[in-house]
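Accompanying notes for the structure given below.
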Amino acid sequence: MPIGKHQVELNISIDRIWDFVKDMDKWAPLVPGYLEHKKVSDNRSTWKFKGDLGVVQKMIHLQVDITKWQEPTNVSFLLTGINENVSGDGYFEAEAVNESSTKMTGYLHIKAKGMMAPVVNKVLKTITPKTTKQFCNAIADKIMEAEQVRVRG
């Protein structure tokens with residue numbers, strides 16, 4: 023199964039991390055290959071990004087349905103392919119280690135369906151963990167950057 027999971031610990035309080043994560047507009051552009059996203063409602067959006075499937079690059083258009091906004095610890099979502107026969111789910115989780123340190127975990131599961139599923143899923147098994155790690159690290163970097171600006175400002 024194409025699954026990615028990555029954890030990173032930041033020396034920032036869980037509340038400061040939630041301030042960033044609660045606004046999708048802040049972190050959606052950090053998805054590797056990001057092109058655009060549009061909010062349809064508070065819990066639904068569509069995302070477009072360029073997916074690199076080995077030697078082939080495809081424009082992927084997904085519907086993202088947020089299934090849980092649980093402040094300050096969890097954002098869970100479902101993925102449905104709009105232009106590709108894929109589905110999946112994932113979450114972003116924050117866990118306070120202490121008052122000034124937080125462990126963040128990103129999880130993504132995506133699978134292809136249909137006739138090409140065996141081939142595409144084989145590629146996704148390699149790509150999904152890397153993409154999840156890049157995305158989590160990009161969020162962590164952006165949060166650290168915003169925190170440094172806040173502290174200096």
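For the sequence shown, the numbering used here assigns the number 23 to the initial residue and increments by one for each residue that follows.
Beta carbons: idealized from backbone N, C-alpha and C, even for Gly.
1) Using beta-carbon positions only, say whether Phe-71 and Gly-55 come within less than 8 Å of one another.
2) Classify Glu-93 as helix, strand or coil using the three-state DSSP reduction.
3) For Lys-135, count the other beta carbons within 10 Å of its own beta carbon; 16 or more makes it buried, fewer makes it exposed. Which is it?
4) Helix, strand or coil: how does DSSP classify Glu-121 here?
5) Ser-98: which of Tyr-113, Glu-106, Gln-92 and Trp-40 sits nearest, CA to CA?
6) Under 8 Å Cβ to Cβ from Val-68, same chain only, skipping five residues before and after it: list those, please.
7) Looking only at its own chain, which residues have a Cβ that is under 7 Å from the Cβ of Lys-107, when we skip the five neighbours before and after it?
8) Assign Val-142 to one of two classes, buried (16 or more other C-beta atoms within 10 Å of its C-beta) or exposed (fewer than that).
9) What is the DSSP secondary structure of Met-137, reduced to helix, strand or coil?
10) To the nearest angstrom, report how far apart Val-53 and Asp-45 are at their CA atoms.
11) Give me, in chain order, the residues of the same chain whose beta-carbon lies closer than 7 Å to that of Ile-165; leave out the 5 immediate sequence neighbours on both sides.
12) Quick check on DSSP: helix, strand or coil for Glu-167?
13) Please state if the CB of Thr-154 and the CB of Gly-26 are separated by a distance shorter than 8 Å.
14) At which residue ranges does the segment 40–75 contain complete beta strand (DSSP E) runs of 3 or more residues, listed in the order of the chain?
15) Indicate whether Val-30 and Ala-160 have their beta-carbon atoms separated by less than 8 Å.
16) Is it buried or exposed, Thr-150, if we count other Cβ atoms within 10 angstroms and call 16 or more buried?
Straight from the coordinates:
1) yes
2) coil
3) exposed
4) coil
5) Nearest C-alpha to Ser-98: Tyr-113.
6) With the sequence shown as reference, residue 68 is identified as Thr, and Val is not the correct amino acid for it. Excluding the 5 residues flanking it on each side, Thr-68 has same chain C-beta neighbours closer than 8 Å at His-59, Lys-60, Val-62, His-83, Leu-84, Gln-85, Val-86 and Ile-104, in chain order.
7) Correcting the residue identity first, residue 107 is Asn in this sequence and not Lys. Contacts found: Ala-134, Lys-135 and Gly-136.
8) buried
9) coil
10) 14 Å
11) Leu-32, Ile-34, Ile-39 and Phe-42
12) Helix.
13) Their beta carbons are under 8 Å apart, which means Gly-26 touches Thr-154 by this criterion.
14) 56–61 and 66–75
15) no
16) buried
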